[in-house]
Amino acid sequence: MRIAICYPPFKSEKGVAMLTQNRQFQWFSRPTYIFPVVPATAATMMKHDGHEVLFLDGIAGELSDGEFESRLSAFKPDYVVLETKTPVVKRHWKWIDSHRGLWRNVLVGDHVTALPEESMAACGVDFILTGGDWDFLLRNLVQSGSDASRYEPGIWWREGGVAKNSGRFRLDHDLNSAPWIDRDLVNWRLYADKNGNFRRTPGTYIMSGRDCWHAKCTFCSWTTLYPTYRTRNPIDVVDEIEMLVTKYGIREIMDDSGSLPVGPWLETFCNELIKRGLPKKVRIDCNMRFGRLGFEDYRLMRRAGFRLVLFGVESANQKTLDRFAKALKVEDVEKGCEWAHKAGLDVHLTFMFGHAWEGPAEIANTVRFARRLLAKGWASTLQCTLTIPYPGTPLFRELKENDGLTTLDWDEYDMRRAITKTPLASEDDIKMAIRDVYKGFLQPGALLHRLTTTRNLFDIAFYYRGLRSLAGHLLDFRRT
17 MRIAICYPPF
27 KSEKGVAMLT
37 QNRQFQWFSR
47 PTYIFPVVPA
57 TAATMMKHDG
67 HEVLFLDGIA
77 GELSDGEFES
87 RLSAFKPDYV
97 VLETKTPVVK
107 RHWKWIDSHR
117 GLWRNVLVGD
127 HVTALPEESM
137 AACGVDFILT
147 GGDWDFLLRN
157 LVQSGSDASR
167 YEPGIWWREG
177 GVAKNSGRFR
187 LDHDLNSAPW
197 IDRDLVNWRL
207 YADKNGNFRR
217 TPGTYIMSGR
227 DCWHAKCTFC
237 SWTTLYPTYR
247 TRNPIDVVDE
257 IEMLVTKYGI
267 REIMDDSGSL
277 PVGPWLETFC
287 NELIKRGLPK
297 KVRIDCNMRF
307 GRLGFEDYRL
317 MRRAGFRLVL
327 FGVESANQKT
337 LDRFAKALKV
347 EDVEKGCEWA
357 HKAGLDVHLT
367 FMFGHAWEGP
377 AEIANTVRFA
387 RRLLAKGWAS
397 TLQCTLTIPY
407 PGTPLFRELK
417 ENDGLTTLDW
427 DEYDMRRAIT
437 KTPLASEDDI
447 KMAIRDVYKG
457 FLQPGALLHR
467 LTTTRNLFDI
477 AFYYRGLRSL
487 AGHLLDFRRT
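My numbering numbers the first residue of the sequence shown as 17 and each following residue consecutively.
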């Protein structure tokens with residue numbers, strides 16, 4: 017079989033689509049490309065099974081529509097797999113219908129996992145693979161051919177014009193059975209430089225677990241994909257890192273697990289990195305949650321070569337953290353930032369603005385909190401987004417049932433406007449708050465922190481890219 021895993025290029029006056037394996041879709045004024053670990057694993061699986069594979073990312077490859085269509089047509093695929101997300105799902109429906117009958121189209125992602133019937137009715141898609149282990153499901157689909165009795169749970173298809181499915185997806189696949197990603201097959205260099213997380217380049221992504229061991233945050237679309245948390249063997253992960261360093265010259269690696277495994281797993285992982293001397297060769301970044309690690313844990317991570325730890329804060333108001341089921345106290349955030357910073361780690365924080373129950377006072381509190389952490393140097397970088405309640409999340413259900421959404425037009429769920437109804441006069445109040453946070457990078461304390469932590473050309477280049485990203489974010493959230 018000939019399998020194509022694709023991202024058609026989307027031209028928009030809003031910017032560049034940040035789509036590949038991203039938890040929150042956004043149009044960026046300055047391109048940022050995230051390495052798609054699960055799609056890349058799917059491509060590698062197909063190749064290992066003896067199929068011909070085309071990995072064609074028209075967005076990261078910055079292809080024109082004509083170039084993309086020419087390459088795809090020349091490949092003559094039997095299956096075309098598209099990862100979609102709420103803000104672009106209508107574009108994918110249109111694309112599928114314009115290519116109907118040429119090959120078998122397959123949709124994957126959190127939106128179609130939440131609403132598979134919708135896409136089956138809205139376009140001529142042949143298959144939908146639900147859940148986060150769609151790389152394993154794709155293997156099963158191709159191996160099964162037209163014999164639906166062999167389909168694993170989680171697959172949707174058509175039979176006599178009627179949508180059928182094999183039941184709710186299960187996350188019972190052994191992640192250790194998946195092959196290491198064939199980086200050449202998936203054009204890894206496309207994602208190696210244009211990524212604001214990397215201080216050193218070239219960089220790339222891995223995943224030690226799928227996805228977050230907390231898995232309860234009511235706003236997170238990936239809890240739709242991964243309600244069950246699983247991990248890879250820590251020694252195998254270190255083996256892969258060592259290969260990436262020696263074969264590809266990788267200097268920084270982002271582990272994109274929703275939360276990096278902790279406890280004995282993390283201790284084994286760190287000690288193995290140290291044992292092999294990898295901290296001298298590569299830096300590691302990861303997602304983490306506050307309240308689970310202490311100062312000594314962060315010190316061990318720093319000795320093991322960790323550079324950056326990313327935390328989701330969302331709000332400085334305890335009421336909001338509780339409603340989001342974050343299992344987090346505001347004081348945990350400040351203490352965790354201080355510990356990680358003193359251990360020598362860079363701390364990246366994410367905040368969301370536009371919560372349905374937050375008024376001007378609550379928003380101002382979060383702005384002050386974020387700016388204070390920047391001024392102290394306890395947060396090195398941060399990212400602000402609008403609250404986007406994606407279908408399939410408890411937050412979406414809550415707001416929909418209580419008339420808390422401004423629209424159900426999926427095109428509008430793209431981080432360019434407020435989707436939730438709030439006590440604020442206008443969404444410009446939200447965007448101005450986000451801009452105020454980003455301007456916190458220009459505070460004397462934050463600038464002094466940059467100056468005192470600049471040690472080499474990597475740092476200078478990173479801060480230059482950061483300045484350009486700051487300008488881009490200010491444009492992303494300009495007034496309506």
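Even glycine gets a Cβ: it sits at the ideal position worked out from N, Cα and C.
I'd like to confirm the pairing. Which residues does DSSP put opposite residue 271 in its beta bridges?
222, 302
Please report the distance separating the alpha-carbon of residue 211 from that of residue 153.
29 Å
Residue 524 bridges to which residues according to DSSP?
Outside the displayed span of the chain (17 to 496) sits residue 524, for which this structure offers no information.
What residues match up with residue 180 in a beta bridge as DSSP calls it?
Partner(s): 173.
Short of 8 Å in beta carbon distance, which residues of its chain neighbour residue 30, apart from the five on each side in sequence? Order them along the chain.
43, 430, 432
Return the Cβ separation of residue 254 and residue 288 in integer angstroms, given the expectation that the two are a contact with Cβ distance under 8 Å.
5 Å
What distance in whole Å lies between the Cβ atoms of residue 422 and residue 437, which are believed to be in contact at a cut-off of 8 Å?
6 Å
So is residue 361 buried or exposed if we call it buried at 16+ other beta carbons inside 10 Å?
buried
According to DSSP, which residues form a beta bridge with residue 21?
71, 97
Taking just the CA atoms, how far does residue 345 sit from residue 337?
7 Å
Please determine if the region 374-392 and the region 447-455 are in contact, where contact requires at least 3 C-beta pairs separated by less than 8 Å.
The count of Cβ pairs closer than 8 Å, one atom from the region 374-392 and one from the region 447-455, reaches three, so the stretches are in contact.
Which of helix, strand or coil does DSSP assign to residue 484?
With a pLDDT of only 49 at residue 484, under 50, the local geometry of the prediction cannot be trusted, and the value read off the model is given with reservation. Here residue 484 carries a helix assignment [DSSP, helix/strand/coil].
Assuming residue 14 contacts residue 275 under a Cβ cut-off of 8 Å, what Cβ separation, rounded to an integer in Å, is found between them?
The question about residue 14 has no answer, for the chain in this structure spans 17 to 496.
Quick check: what's the CA-CA separation for residue 160 versus residue 388?
For residue 160 and residue 388, the gap between their C-alpha atoms comes out near 56 Å.
What beta strand (DSSP E) runs, 3 residues minimum, are completely inside the region 90-134?
95-99, 120-124
If residue 39 sits next to residue 236, beta carbons under 8 Å apart, how far is it from one beta carbon to the other, in whole angstroms?
Distance from residue 39 to residue 236 at the Cβ level is roughly 7 Å; contact confirmed, criterion being Cβ atoms closer than 8 Å.
Quick one, are the C-beta atoms of residue 181 and residue 166 less than 9 Å apart?
no
Is the CB-CB distance between residue 244 and residue 191 below 9 Å?
no
Helix, strand or coil: which one does DSSP assign to residue 285?
helix
Just list the beta strand (DSSP E) runs in the region 305-362, keeping only unbroken ones of 3 residues or longer that don't cross its boundaries, in chain order.
322-330
Given this structure, state the Cα-to-Cα distance separating residue 49 from residue 36, to the nearest angstrom.
7 Å
Measure the C-alpha to C-alpha separation of residue 33 and residue 363 and round it to an integer number of angstroms.
26 Å
Could you tell me which residues DSSP puts in a beta bridge with residue 40?
Answer by DSSP bridge pairing: none, since residue 40 is not bridged.
In angstroms with no decimal places, state the Cα-to-Cα distance between residue 300 and residue 292.
14 Å
How many angstroms separate the CA atom of residue 206 from the CA atom of residue 68?
When rounded, the distance between both Cα atoms is 21 Å.
When burial is assigned at 16 or more other CB atoms within 10 Å of the CB, is residue 240 buried or exposed?
Its Cβ being crowded by 16 or more others within 10 Å, residue 240 is buried.
Using a Cβ-Cβ cut-off of 6 Å (strictly less than) and excluding sequence neighbours within five positions of residue 365, which residues of its own chain qualify?
327, 329, 395, 398
What's the call for residue 320, buried or exposed, on a 16-neighbour Cβ count within 10 Å?
By the 10 Å Cβ count, residue 320 comes out buried.
Using three-state DSSP, classify residue 259 as helix, strand or coil.
DSSP places residue 259 in helix when its eight states are reduced to three.
For residue 170, does the count of other Cβ atoms within 10 angstroms reach 16, so buried, or fall short, so exposed?
buried
Quick one, which of 267, 375, 348 has its alpha-carbon nearest residue 322's?
267
In its own chain, which residues sit with a C-beta less than 6 Å from the C-beta of residue 248, not counting the 5 before and 5 after it?
191, 192, 224
On a Cα-Cα basis, can you pick out the residue from 393, 391, 377, 371 that is closest to residue 234?
371
From residue 202 to residue 231, what distance separates their C-alpha atoms?
Between residue 202 and residue 231, the C-alpha separation is close to 29 Å.
Here's a check: name, in chain order, each residue in its chain whose Cβ is nearer than 7 Å to the Cβ of residue 426, leaving out the five neighbours to either side.
Correct list, in chain order: 102, 103, 105, 106.
Buried or exposed, going by whether 16 or more other CB atoms sit within 10 Å of the CB of residue 373?
Per the 10 Å Cβ criterion, exposed.
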